[in-house]
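Residue numbers (our numbering), protein chains in the order written: chain P, 1 to 422; chain X, 1 to 422.
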């Protein structure tokens, strides 16, 4: 049996970025990725909306995103569309967020402010929803302001996945697909050779992974399996603070003149399309001009379950009696929209603070908990995991910035709380 | 259908203490406990070693235990045996703990210090285990010191459970046994009466529990189900930070002259028996003179799984090739000990800091995470939960001490870390 230096469970964006940076730093080492899917990025990475924004309140989040997207910009042929974010606020919500935005402006984070008049004029949006009795009964609030976040857009996730995968392989990294991690192998640090080890007086550590295709031995076992990570780590009693939660995306085609016009609205970005739009209450839609479509979603919390599913499905009622009831109140263009298709994924929610975790326990490195922003943070998180792997105190992020590895750990965790949550 | 003021899921010690104190404070209210078992305290409460110690470093832990055991002492006929704790240390371990002990002494927490000579003389213990080649190979260390914790002992758990249960019922509280909570009922805060509620624009909250015997509606739903709490709350996406972990107790009869002598050793407590004894590394045994037996246990961590089981069983190998290998090295009296019986339970480990949680979200009060010290803290935790229920900022613990309710919450949690972990 080959002994690897590191085995990485998960060929999603986080596992790939981690593997790539480990291999970059340690070209002589034998690094293996395993994934239960048949190709890279086919789990929840493939089910992402693929958006990013260099616009966070938390310096931690901002640094992770800014350096990651900086790196992505350096990748030849990776399509990044700077379609921007349009973020709507009702009066109360804007009042709450105003001091936060002021601070962000002072830090040089660019946005443009619009009022309800601008929005009506530019987008034919209905800002005064409370004039509609149904909307009033639903408790919807009038839109009073919006901000257009400038440094934000969408990334070609498939291409990014392919980049990390091919670069990793080119450097000599190995990947085994259709290989499912069944459990972490645990052995004594100082084996006695007796059967039944580890005994209670022995210190134990992970020495690889048992898979459905046999055992893989490695000096370090790295779990970067996203929503699946807690189920693997529960088996050895390691708390990840990651919980899987379903997220759904509903696709409607822009097949009416009103929707087409909205999709291709000019003046808000260089792409000449509608920005990624966040309505109040975690409801958003993304313009996808290449598909002549909009993707709509709502990130619900209570009472949405923490639940692991291998093939989560979108729930049609969630669109029909939810999203489809609310969005047209603000954007009448969606009144005649017809559901074209849908999909769902699980995001790996960090229930401590919504920010990623990178820590090591008993020979196991855990990387994840990116809480729906895995793609936009993957490069930085991968570098931090690679630094932890190498025993470095600081990771060097893209552009040369230093990041203290233990800041994303559990013992000495130090992350600034995020005040701008979609 | 009866509408209750509160439904409490779990008739273990925490659920009972919570229900008792809520009913005490609100005698007019309709309070119901449900439990899947056929009587009170039959889950993990029944699987406890039933020990307590007024000896913690964390002021939080100390206050919870001191006031709880103070209340227990006031209960007529409740048998409390002050058998004390004997805590053994190897040289390194003692050096680490010495400053902590000094601080505790300064606070007036009583203990007696013994050296290896005292221990050998009093207990015929083998302190110099490293003279034995096998013990040396096992990495066991010589015992250099021990402390005898004075205010510590065992409680008659069944009696305590019966006390809370009967008092709760006498005050008019209701209990339904053999009633399993299947899921929390969630409804809109402001119902519209339309089918399919709650919709995404509605704020939702818990309004009771669906059980295998039908639905129970209540203004407040209180989850005090110990190791089962996370599985109920996962279904509605509430993070408890509680994980179930197996703990095992192995019973050996004191049926040799050596074990009998050790069991009934004089001079260490008023009961004239061996104190509850903690060897290095989380290994302990309890003298049970009433059964002419010792209970032995080892609280293992990595790689012990977080796993929910309705009927966890003790693993015989864990005794034979674990506990039974180590204990006789120090206590030769156990050399010929024969395993008589065993049992296992699940403790509700709080993975944030090992201390209890009491918080409310969406009409649900969560009480638990007592991490193996539920019985010794139950009364205080019950009072704190009752204060949260009543919307009070401070709970009044036994003896009149005040405790800030939000200190055990998640948002403004403030607990002192524990430095003395068994």
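For glycine and all other residues, C-beta sits at the position ideal for the given N, C-alpha and C.
Nearest to residue 22 (chain P) by alpha-carbon distance, out of P:358, P:321 and P:6, is P:6. In terms of Cα proximity to residue 153 (chain X), the closest of X:323, X:285, X:402 and X:331 is X:285. Excluding its 5 nearest sequence neighbours in each direction, residue 39 (chain P) has C-beta neighbours in its own chain below 7 Å: 177, listed in chain order.
When C-alpha distances from residue 69 (chain X) are compared across X:54, X:140, X:120 and X:163, the shortest belongs to X:54.
Within chain P, no C-beta atom comes less than 9 Å from the C-beta of residue 136 (chain X); the nearest is roughly 11 Å away.
Here the alpha carbons of residue 403 (chain P) and residue 379 (chain P) stand approximately 13 Å from one another. The CB of residue 301 (chain P) comes closer than 8 Å to the CB of 237 in chain X, given here in chain order. Ranked by Cα distance from residue 272 (chain P), the options P:280, P:279, P:278 and P:262 are led by P:262. If you check the CB distance, residue 344 (chain P) and residue 47 (chain P) come in under 8 Å.
By the beta-carbon neighbour count (other beta carbons within 10 angstroms, threshold 16), residue 157 (chain X) is buried. Residue nearest to residue 311 (chain X) within the set X:110, X:296 and X:342 is X:342 (criterion: CA-CA distance). Closest by C-alpha distance to residue 356 (chain X), out of X:224, X:112, X:29 and X:30, is X:224.
In the DSSP assignment, residue 341 (chain P) forms a beta bridge with P:251.
Secondary structure at residue 326 (chain P): helix, using DSSP grouped into helix, strand and coil. Taking each of X:64, X:95 and X:266 in turn and checking the Cα distance to residue 395 (chain X), the smallest one comes out for X:64. Chain X has a Cβ within less than 8 Å of the Cβ of residue 201 (chain P). DSSP, read as helix, strand or coil, puts residue 115 (chain P) in strand.
In the three-state DSSP reduction, residue 174 (chain X) falls in the strand class (E or B). If you look at residue 97 (chain P), you'll find it isn't in any beta strand (DSSP E); it sits in the alpha helix (DSSP H) that goes 91–106. Cβ atoms of residue 174 (chain X) and residue 187 (chain X) stay farther apart than 8 Å, at about 22 Å. The segment 409–421 of chain P makes no contact with the segment 203–210 of chain X, as fewer than three CB pairs between them are under 8 Å. When rounded, the separation of the alpha-carbon atoms in residue 314 (chain P) and residue 56 (chain X) is 50 Å. When secondary structure is reduced to three states using DSSP, residue 68 (chain P) falls in the helix class. Contact check for residue 318 (chain P) against residue 327 (chain P) fails: the beta carbons are separated by 8 Å or more. Excluding sequence positions up to five before and after residue 374 (chain X), its CB lies within less than 6 Å of the CB of 13 and 14, all in the same chain and listed in chain order.
DSSP lists X:154 as the bridge partner or partners of residue 51 (chain X).
Under the DSSP definition of a beta bridge, residue 244 (chain P) partners with P:348. The secondary-structure analysis by DSSP pairs residue 188 (chain P) across a beta bridge with P:204. For residue 215 (chain P), DSSP records a beta bridge to P:210.
Assignment of residue 360 (chain X) by DSSP, reduced to helix, strand and coil, places it in the strand class. The secondary-structure analysis by DSSP pairs residue 25 (chain P) with nothing; it has no beta-bridge partner.
Here residue 291 (chain P) is exposed. Its C-beta has fewer than 16 other C-beta atoms within 10 Å. For residue 330 (chain P), same chain residues with a beta-carbon under 7 Å away, outside a window of 5 residues either side, are 125, 126, 129, 143 and 279 in chain order. As the crow flies, the alpha-carbon of residue 363 (chain X) is around 15 Å from that of residue 235 (chain X). Residues of the segment 229–260 of chain X with a C-beta less than 8 Å from any C-beta of chain P: 234, 235, 236, 237, 238, 239, 241, 243 and 245, listed in chain order.
Not flagged as an interface residue toward chain X: residue 359 (chain P), since no C-beta distance is shorter than 8 Å.
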